[in-house]
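Q: Residues 20 to 206, numbered by the working numbering, are exactly what the sequence shown covers, in order.
We put the beta carbon where it would ideally sit given N, CA and C, even for glycine.
A quick note: this is a predicted structure, and the numbers were derived from the prediction, not measured.
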Amino acid sequence: DLHRVDRRQRQMCIRDSVNPMFRVPHYEYHVEEWKDLKDHFLSSLHVKNPDNIPSGSDYSVTTSYWDEFDYRDWLPFLEMVKPYISRIPNTETVNRVWYQTAQQYDYHTAHTHGSIGWSAVFYAHFNPEVHEATKFYCPFTNTTGDVELYCPDVREGDLIVFPAFLLHEAPINKSVEERTIISFNLV
Numbered sequence: 020d021l022h023r024v025d026r027r028q029r030q031m032c033i034r035d036s037v038n039p040m041f042r043v044p045h046y047e048y049h050v051e052e053w054k055d056l057k058d059h060f061l062s063s064l065h066v067k068n069p070d071n072i073p074s075g076s077d078y079s080v081t082t083s084y085w086d087e088f089d090y091r092d093w094l095p096f097l098e099m100v101k102p103y104i105s106r107i108p109n110t111e112t113v114n115r116v117w118y119q120t121a122q123q124y125d126y127h128t129a130h131t132h133g134s135i136g137w138s139a140v141f142y143a144h145f146n147p148e149v150h151e152a153t154k155f156y157c158p159f160t161n162t163t164g165d166v167e168l169y170c171p172d173v174r175e176g177d178l179i180v181f182p183a184f185l186l187h188e189a190p191i192n193k194s195v196e197e198r199t200i201i202s203f204n205l206v
């Protein structure tokens with residue numbers, strides 16, 4: 020019946036839309052208070068025990084990641100970002116904080132922070148004219164088999180919070196100006 024075919028075709032046209040099945044949520048904030056606190060925070064960053072850095076690690080950056088985590092060391096920073104991270108669902112605890120400073124030609128290879136919770140990158144010393152932001156890799160390929168990248172447009176004082184499972188990297192710092200981030204995990 021011709022009338023029935025036309026109706027079915029109309030229904031197909033109505034339903035013919037492209038919708039993403041999955042999305043990778045993330046949060047982007049600018050911490051305005053950073054400009055007043057930057058010098059104090061940056062001057063206090065140091066690696067407590069460089070002997071803890073494993074030999075052969077993929078870190079060319081200076082990092083406090085391998086230091087024993089003491090929440091009290093980071094309390095002023097965490098108080099500063101608390102109003103922002105308190106907006107993120109399913110988070111109760113910051114279970115680790117560290118910094119990374121990349122000198123010229125330093126980088127941090129692609130990695131994740133595990134399969135549970137959220138991770139964050141805070142751009143503490145960052146010049147968008149000479150530095151590249153963190154590169155994030157889509158956790159699945161597109162229909163042509165390619166992995167898509169997301170490189171946020173950030174400036175100093177920005178905070179990016181993303182699922183811990185998301186593969187990401189700190190690209191090579193091609194500038195003589197150092198780049199410093201503070202990173203943390205939330206569960």
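Please identify the residue among Pro147, Glu197 and Ser138 whose C-alpha is closest to the C-alpha of proline 44.
A: The option with the nearest alpha carbon to proline 44 is Ser138.
Q: When DSSP labels each residue in this structure, what does tyrosine 126 get in the three-state scheme?
A: In the structure shown, tyrosine 126 sits in coil (DSSP, three-state: anything other than H, G, I, E or B).
Q: Considering Cα atoms alone, identify which of Val37, Tyr103 and Lys67 is closest to valine 50.
A: Of the candidates Val37, Tyr103 and Lys67, the one whose C-alpha sits nearest the C-alpha of valine 50 is Tyr103.
Q: Comparing alpha-carbon positions, which option in Leu205, Tyr90, Val37 and Ile200 lies nearest threonine 153?
A: With distances taken between Cα atoms, threonine 153 lies closest to Ile200.
Q: Grouping DSSP H, G and I as helix and E and B as strand, with all else coil, what is glutamate 197?
A: If DSSP states are grouped into helix, strand and coil, glutamate 197 belongs with coil.
Q: Report the rounded CA-to-CA distance for serine 105 versus arginine 42, giving the unit in angstroms.
A: Cα to Cα, serine 105 sits roughly 22 Å from arginine 42.
Q: Given this structure, state the Cα-to-Cα distance separating phenylalanine 88 from valine 116, to the nearest angstrom.
A: Whole-angstrom Cα-Cα distance: 7 Å.
Q: Give me the residue from Glu47, Asp92, Asp86 and Pro158 with the minimum Cα distance to leucine 61.
A: The option with the nearest alpha carbon to leucine 61 is Asp92.
Q: Of the residues Lys54, Phe181 and Lys193, which one's Cα is nearest the Cα of glutamate 151?
A: Of the listed residues, the one whose Cα sits closest to glutamate 151 is Lys193.
Q: Are there 16 or more other CB atoms within 10 angstroms of the CB of leucine 168, so buried, or fewer, so exposed?
A: Leucine 168 should be labelled exposed.
Q: So which of Ser134, Val180 and Asp70 has the shortest CA-CA distance to isoleucine 107?
A: Cα-wise, what sits closest to isoleucine 107 is Val180.
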